[in-house]
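Here's the structure, in structure tokens; my notes come after.
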Amino acid sequence: IFKANYLAVERFMIKKCFIVLVILVLPVLVFSQQADKITDIIESDLFTCGQAAYICSTFLDENTESFSYEQAMNWVIEKNLLKTDKDFSMPITVAELSGLCMKTWNIPGGLFYKLTNSNRYAYKEMRALGFVSIFDDPSKNINGASALNVIYKCMELGR
245 IFKANYLAVE
255 RFMIKKCFIV
265 LVILVLPVLV
275 FSQQADKITD
285 IIESDLFTCG
295 QAAYICSTFL
305 DENTESFSYE
315 QAMNWVIEKN
325 LLKTDKDFSM
335 PITVAELSGL
345 CMKTWNIPGG
355 LFYKLTNSNR
365 YAYKEMRALG
375 FVSIFDDPSK
385 NINGASALNV
395 IYKCMELGR
């Protein structure tokens, strides 16, 4: 009887360990795609419209995590967060990123931004808040790490 109970307990412990192992490994497998995209963004020399759209869409809607950059770009344009005729693979400028961030995180801008909803005045607001460097040209392209720094600052301020 003692041996039968021991085997039953041993089987139960093996099942329990297996379930715990699955619970610990499953999130790593599920979230690895997003981590790969973030790593690609950090290492990129030019932050693209698609990458910016992906970050903003995943912040606003968790169901968009599996989107490609092109799908995220279409989603963001559909939500009127970004008005551009650029392709998803083209680099985004500092002014365009500023406008996208202002709309995504509902950051209130100054008077001229409220009147025009222009990327130019969004950039000026971001510069005034210290989110972008005063030396950045609004028509300059931005790299991935710098863009994520701007986005992180917007996340802290907005919502």
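Take the numbering used here: the final residue in the sequence shown is number 403, and no numbers are missing along the way. A virtual CB, placed ideally from N, CA and C, is assigned to each residue, including glycine.
With fewer than 16 other beta carbons inside 10 angstroms of its own, L268 counts as exposed. From the listed residues C345, E306 and S312, the smallest Cα separation to N324 is found for C345. DSSP places L355 inside the alpha helix (DSSP H), whose first and last residues are L355 to T360. Relative to Y357, the option among W349, N350, A366 and I351 whose CA is nearest is A366. DSSP places N393 inside the alpha helix (DSSP H), whose first and last residues are G388 to L401. Segment contact: the region 305-323 against the region 360-377, fewer than three CB-CB distances shorter than 8 Å; contact not assigned. Minimum Cα-Cα distance from Y298 among the listed residues L265, A391 and D289 corresponds to A391. In the DSSP assignment, T348 falls within the alpha helix (DSSP H) that extends over V338 to T348. Of the residues assessed, M370 falls on the buried side of the cut-off, its CB having 16 or more other CB atoms within 10 angstroms. When DSSP reads this structure, T292 sits in a beta bridge with P335.
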